[in-house]
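Residue numbers (our numbering): 827 to 967.
Virtual Cβ for every residue (Gly too), placed ideally from N, Cα, C.
Notes to accompany the following structure.
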């Protein structure tokens, strides 16, 4: 059986002059992508969602996939201290439903990050250290 299509080859998916068409013809920039996301989120009443959520989500996904914490920190452009500080609050950042769905993986990642912290001789009270003025791992000595 042969599929018969009434569409011409290379028919544009969007009419000329549409915003989506313009984006596709010139490439999607970070600004255009985030502006589109913000417009959707605002329409849905999600004012607290920021582009940084993609960065955080990517980091969590890499950690859950087993990528070593130091590699995730480097990929994300974080200092080790910023990365460990962020991870201290991951349970608050992740929605409860997401946390429950990935609880076993989260516990494995948490154990790996704890080993990472210990191997780099970083004290466990990271938030207190940051509040006292530490801005890098070197400040902890």
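* Asked: What number of angstroms, rounded off, separates the C-alpha of residue 884 from the C-alpha of residue 902?
  -> 9 angstroms
* **residue 939 vs residue 895 beta-carbon contact at 7 angstroms** => yes
* Asked: CA-CA distance, residue 941 and residue 957?
  -> 23 angstroms
* So which of 927, 907, 872 has the shortest CA-CA distance to residue 946? -> 907
* **Coil, strand or helix - residue 893 by DSSP** => coil
* **Span of the alpha helix (DSSP H) around residue 933** => 929-945
* **Simplified DSSP state of residue 870, which is helix, strand or coil** => coil
* Determine the direct distance from the alpha carbon of residue 855 to that of residue 912, and round the result to whole angstroms. => 27 angstroms
* Asked: Would residue 935 pass as a contact of residue 888 if the rule is Cβ separation under 7 angstroms?
  -> no
* **Sequence-distant residues of the same chain with beta carbon closer than 7 angstroms to residue 928, five excluded per side** => 890
* Inter-residue spacing [alpha-carbon to alpha-carbon] between residue 869 and residue 861 -> 12 angstroms
* Would you mind sorting residue 937 into buried or exposed? The rule is 16 or more other CB atoms within 10 Å of its CB. => exposed
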